[in-house]
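K.L.:
Number of protein chains: 2
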Amino acid sequence: MTGIVQTKRLLSYRMALLRLKKMGLKKAYSHTLSEETGVSAVLIRKDFSQCGIRGKRRGGYDVDYLLDELKKLFGREKEQNVVLVGLGNIGSALIKYEGYRQSNMNLVAAFDIDPAKRTRRYSVPVYSLENLREVADAFDVSVAILAVPEFSAQETAHYMVENGIRGILNFAPVLLKLPGHVLVNNINIMVEMERLMYHIGIREK
Amino acid sequence: MTGIVQTKRLLSYRMALLRLKKMGLKKAYSHTLSEETGVSAVLIRKDFSQCGIRGKRRGGYDVDYLLDELKKLFGREKEQNVVLVGLGNIGSALIKYEGYRQSNMNLVAAFDIDPAKRTRRYSVPVYSLENLREVADAFDVSVAILAVPEFSAQETAHYMVENGIRGILNFAPVLLKLPGHVLVNNINIMVEMERLMYHIGIREK
DNA sequence: TAGATTGTTAATCGATTAACAATC
DNA sequence: TAGATTGTTAATCGATTAACAATC
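Note that the protein sequences, when read in sequence, are chains A and B.
Basically my numbering = 1-based index in the first sequence + 297.
Basically my numbering = 1-based index in the second sequence + 297.
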């Protein structure tokens, strides 16, 4: 029912709704959400309709109701624990990030091979990767952020999967070759940057 | 000719090819590239064909030739200068990043409202945003990375556009409302994380 | 009743794959 | 000639939009 692209949209509706709610709005029209998310109003209505979310023919959608329904779809009941592997530039940014709770996630630990990185400087403990299994078992962790250098990404990912990880948000610019039961979501910042510059270049011509 | 999704693929072929070349390979088959990128071999051949890139019917594609052709497509002749706005978690990661050169980009300056952040600690200077116009003019900058907090993203982006920026890589989780001539590429790390967790959750059922 | 909105069905569009032809 | 590969055309699939019906 929910394709990968639709999932992304529904999540962006949720973000926009949280913003609108904070601003005090009680009702949202497909048109309003369209302005906030950049998705066409028809598509928004269709998405909601397909998920069994109903509005009022004249009065739009109730913000709280929408958020509830989206929570039913996405809201993992219990908070989900995650870990972070690699404390380079990106890893250091993500260990300091404070907004996991907002998405009902909880960063419980980070890992780095460099002992110098394993300080108490951060709000979560930093271990050697050898301790992954232990942490994963203790905190029921199945999802990890991978932010190690390109050259060690494959090997590290493999080790992670061997020790209980089933989902990886991968910042390394390589395709990870992993067993079929493992889900990987890739973020490649430099490719996004190049894409932007390419399309700017095209416009100039 | 090149849609937005195809652009992303072509860039990923390029990355894979650079890797293969580093490993000493001279020839690449669509099949090889498929393994490296996760894109189907047919689609790879079709992409190349549409871009006028030819292989040998039996001998695959020549790696150097492929890279040359891709460079012709994406390689901006002169190095492109970019700036970074916002030195929070993500911003600090990106100012330390060393790989811009590899994509023929050059980070020339960063900006932050907090004077405490405007130190000489980094390899590029950090200014107040007031100096953006000056820097943009001097270094012919039209593309910027935006890594400020959500609440100030819209205002900051607007100011940037008023001062010569025409392309933004946006890490703030909001849809920026900007004039039509401005291109925005959004990266929303938490949405990607939630998407991953959602699809993991689905598998469990 | 008129107007504004949601909801749905059919049409369109674009991206991907299947099937096969070409050729080294 | 047989086999492996590229290259192309047609078929399929999925996502989006257009048109319109329903209703508050």
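No residue lacks a Cβ here, since even glycine has one placed at the ideal position from N, Cα and C.
Keep in mind the model is a prediction, meaning the values are calculated, not measured.
#1: With DSSP collapsed to three states, give me the class of L473(B).
#2: Which residue wins for smallest C-alpha separation from L322(A), given the options L340(A), D361(A) and Y394(A)?
#3: Could you check the C-alpha separation between R373(A) and G498(B) for me, to the nearest Å?
#4: Whole angstroms are fine: how far does the CA of N482(B) sit from the CA of G349(A)?
#5: Figure out for me which residue from M312(B), K305(B), T304(B) and M494(B) has the closest Cα to the Cα of G396(B).
#6: Which complete alpha helix (DSSP H) runs does the stretch 321-399 of chain A hold, if anything under 4 residues is left out?
#7: Check whether the Cβ atoms of L493(A) and G383(B) sit closer than 8 Å, and answer yes or no.
#8: Are three or more beta carbon pairs between the stretch 401-411 of chain B and the stretch 399-411 of chain A nearer than 8 Å?
#9: So which residues on chain A does I484(B) lean against when the C-beta distance must stay under 9 Å?
#10: Should F371(B) go down as buried or exposed, given a rule of 16 or more other Cβ atoms within 10 Å for buried?
#11: Select from H496(A), D365(A), L426(A) and P446(A) the residue whose C-alpha is nearest the C-alpha of I462(A).
#12: At what residue ranges does the stretch 418-446 of chain B contain a whole run of the alpha helix (DSSP H), taking only runs of 4 or more?
#13: Mind checking if S337(B) is an interface residue toward chain A, Cβ cutoff 8 Å exclusive?
#14: Residues in the stretch 373-388 of chain A with C-beta within 7 Å of chain B's C-beta atoms, listed in sequence order?
#15: Report yes if the C-beta of F448(A) is less than 7 Å from at least one heavy atom of the ligand ZN; otherwise report no.
#16: So P476(A) contacts chain B; which residues on that side make the cut at Cβ distance below 7 Å?
#17: My output table needs one value for G464(A): the three-state DSSP class, helix, strand or coil.
#18: I442(B) to R354(B), Cα distance in whole Å?
#19: Which two residues bound the contiguous alpha helix (DSSP H) that contains A313(A)?
#20: Can you name the start and end residues of the beta strand (DSSP E) that N483(B) belongs to?
#21: Starting from A407(A), trace the beta strand (DSSP E) in both directions and tell me its first and last residue.
#22: List the residues of chain B that Y394(A) touches, going by C-beta distances under 7 Å, in chain order.
#23: Leaving out the 5 sequence neighbours to the left and right, which residues in its chain are closer than 8 Å to E491(A) when beta-carbon positions are compared?
#24: Which term fits R339(B), buried or exposed, when burial requires 16 or more other beta carbons within 10 angstroms of its beta carbon?
#25: Taking only the alpha-carbon atoms, compute the straight-line gap between V336(A) and R342(A) and give it to the nearest angstrom.
#26: With DSSP collapsed to three states, give me the class of T453(B).
#27: In the structure shown, what three-state DSSP assignment does R415(A) receive?
#28: Determine, using beta carbons only, whether F436(B) comes closer than 8 Å to chain A.
#29: Please list, in chain order, the chain A residues whose beta carbon lies closer than 7 Å to that of R463(B).
#30: Is V309(A) buried or exposed, if buried means 16 or more other CB atoms sit within 10 Å of its CB?
#31: Evaluate P446(B) with the Cβ neighbour count: other Cβ atoms within 10 Å of its Cβ, from every protein chain shown; 16 or more gives buried, anything less gives exposed.
#32: Should M402(B) be flagged as near chain A, meaning a C-beta pair shorter than 8 Å?
#33: Which residues in the same chain have their Cβ closer than 8 Å to the Cβ of A450(A), if we skip the five residues on either side of it in sequence?
#34: Who are the Cβ neighbours of P422(B) in its own chain at under 7 Å, not counting the five residues just before and after it?
P.N.:
According to the structure data:
#1: Residue state, collapsed to three classes: coil.
#2: The shortest Cα separation from L322(A) among L340(A), D361(A) and Y394(A) belongs to D361(A).
#3: Going from the Cα of R373(A) to the Cα of G498(B) covers about 8 Å.
#4: Each residue's Cα considered, the two are about 31 Å apart.
#5: Closest by alpha carbon: M312(B).
#6: DSSP assignment within the stretch 321-399 of chain A yields the following whole alpha helix (DSSP H) runs of 4 residues or more, N-terminal first: 327-334, 338-347, 360-371 and 386-393.
#7: Taking a C-beta distance under 8 Å as the contact criterion, L493(A) and G383(B) do not qualify as a contact pair.
#8: With fewer than three CB-CB distances shorter than 8 Å, the stretch 401-411 of chain B does not count as touching the stretch 399-411 of chain A.
#9: By Cβ distance, chain A contributes I484, I486 and E489.
#10: With 16 or more Cβ atoms within 10 Å of its Cβ, F371(B) is classed as buried.
#11: Residue L426(A) is the option with its Cα nearest to I462(A).
#12: Entirely contained in the stretch 418-446 of chain B, the alpha helix (DSSP H) runs reaching 4 residues are, in chain order, 429-436.
#13: Under the 8 Å criterion on CB atoms, S337(B) is classed as non-interfacial with respect to chain A.
#14: If the cut-off is 7 Å between Cβ atoms, the stretch 373-388 of chain A has R373, Q377, N386 and I387 near chain B.
#15: This structure lacks the ligand ZN, and indeed carries no ligand of any kind.
#16: By Cβ distance, chain B contributes nothing, its closest Cβ being about 13 Å from P476(A), past 7 Å.
#17: DSSP places G464(A) in strand when its eight states are reduced to three.
#18: In a straight line, the C-alpha of I442(B) is about 43 Å away from that of R354(B).
#19: Element bounds for A313(A): I301 to K319.
#20: Where N483(B) is concerned, the enclosing beta strand (DSSP E) stretches over L480 to N483.
#21: Segment M402 to F408, the beta strand (DSSP E) holding A407(A).
#22: Listed along chain B, the residues sitting closer than 7 Å to Y394(A) by beta-carbon distance are N386.
#23: Within its own chain, no residue has a Cβ closer than 8 Å to the Cβ of E491(A) once the five positions on either side in sequence are excluded.
#24: Inspection of the sequence shows that residue 339(B) is occupied by Val rather than by Arg. Exposed.
#25: Those two C-alpha atoms are separated by around 10 Å.
#26: Looking at T453(B) - three-state DSSP - the assignment turns out to be helix.
#27: In the structure shown, R415(A) sits in coil (DSSP, three-state: anything other than H, G, I, E or B).
#28: False, the Cβ-Cβ gap to chain A never drops below 8 Å.
#29: The contacting residues are I497.
#30: The sequence as given places Ser at residue 309(A); Val does not occur at that position. Burial is judged here by how many other beta carbons sit within 10 angstroms of a residue's own beta carbon; S309(A) has at least 16 and is buried.
#31: Exposed is the call here.
#32: At a cut-off of 8 Å between beta-carbon atoms, M402(B) makes contact with chain A.
#33: Apart from the 5 residues on each side of it in sequence, A450(A) sits with its Cβ closer than 8 Å to the Cβ of L443, N467, A469, V471 and L473 in its chain, given in chain order.
#34: Same-chain partners within the cutoff: A406.
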